[in-house]
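Q: After the C-alpha cells below, expect a handful of questions from me.
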Amino acid sequence: MYDRLFIGNKLIELKEIDSTNAYMKQFISSNNNEIEGLVVITRHQLKGRGQKGNVWESKKGMNLTFSIFLKSNTLLQNQFLISKVISLGIIDFLDELGLKELKIKWPNDIYCGNKKIAGILIENTLKKNVVRSSVVGIGLNVNQTSFHSKNEPTSIIKELGGNFLNLDQTLNQLLFFIEKRYIILKTGNEALINEDYLQHLYWINESRNFKIKEKVVSGRIIGVNSMGKLQIMVNKKTEEFDLKEIEFLI
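As numbered in the working numbering, residues 844 to 1093 make up the sequence shown, in order.
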C-alpha cells in the first residue's frame, strides 16, 4: 500500500548523530555519489536545529529525525516549491492518520491546531540559476508526550492517543506521501502545489498581528512568492517579508 519508487530505497540508519543534514552533506561529498531519495535517519539527534538557529527538541527513540537527498533541478526563482511539496507531503500523511486542523506555518513548520508537530530545514546547492540538489531535514513528533519548550509542541500520540506508533512503519508511510508530492513537482504541476499550499497556509486571509521592524503591525497573509517571501496585505498594500524581517505574534 505504501510502496515507493525511490525515496527511502537507500537508507542509512545511525544510532546517534549531531545532525542528519550535516551527515548527509558529508556523506554525499565524501562518496561522490548523489543518490536521489537517499535517507539518513537517527534515533537520537544531538544538535537538531530549525529556522533562525532554533534547537529542535526530541527525546531519544521517540520521534522521527531524518534527512532526504533530492535532485529537483528547480529554477532558483522557484526554489520555495521544494519546501511546499515537503510540507504538503507531511500534511497528507498526518491527515491520513486522522489528525485535524493541520496547517503550514510559514516558512517551514507544520502545526496541528496552534501547536507545532513538525519542522523542516532545507539546505540547497545551487548551480547558476538552478537548485541542483537539496538536503531536506525533517523532525516529526511521534511518540513524545512532554516537552520543555516554552510554546509546548504536540505529537501524533498526544493528538490521537492510543499506543505508541512503530517508527519504522511511520517513516515508511511518511516517505510515501512526501514522494507522491515530489513527483507532482517533477512532472511540472506547479499550479496544484501552489493551490494546495495556500489552502493549508496558517493564518491565510485572517487579520493578525505581526512584529515588523520592532513595531506591532496588523495585516493579512495573502500568499507566499516563488522565492518564499511571505506576502501580507498591510494598509491595503501588499508587502513581502523574509524570515528575519517578521515575527508572528500568537
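Even for Gly, the Cβ is constructed at its ideal location relative to N, Cα and C.
Return the residue from the list Glu1088, Leu1017, Ile1027 that minimises the CA-CA distance to Lys1058.
A: Glu1088
Q: Note down, one range per segment and in chain order, each beta strand (DSSP E) of at least 3 residues found wholly within the segment 969-1009.
A: 973-983
Q: Measure the CB-CB distance between Trp949 and Leu1073 and report whether it falls below 7 Å.
A: yes
Q: What are the residues that DSSP puts in a beta bridge with Gly1066?
A: DSSP lists Gln1074 as partners of Gly1066.
Q: Taking the beta strand (DSSP E) that Phe1053 falls in, what are its first and last residues?
A: 1050-1055
Q: Roughly how many whole angstroms lie between the Cα atoms of Ser976 and Ile925?
A: 10 Å
Q: If you draw a straight line from the C-alpha of Leu1014 to the C-alpha of Lys1079, how long is it?
A: Each residue's Cα considered, the two are about 44 Å apart.
Q: Are Ile929 and Val974 closer than 7 Å when you measure CB to CB?
A: The answer is no: Cβ separation not under 7 Å.
Q: Tell me, please, which residues DSSP counts as bridged to Ala961.
A: Ile953, Leu983
Q: In whole angstroms, give me the CA-to-CA distance for Leu964 and Thr863.
A: 11 Å
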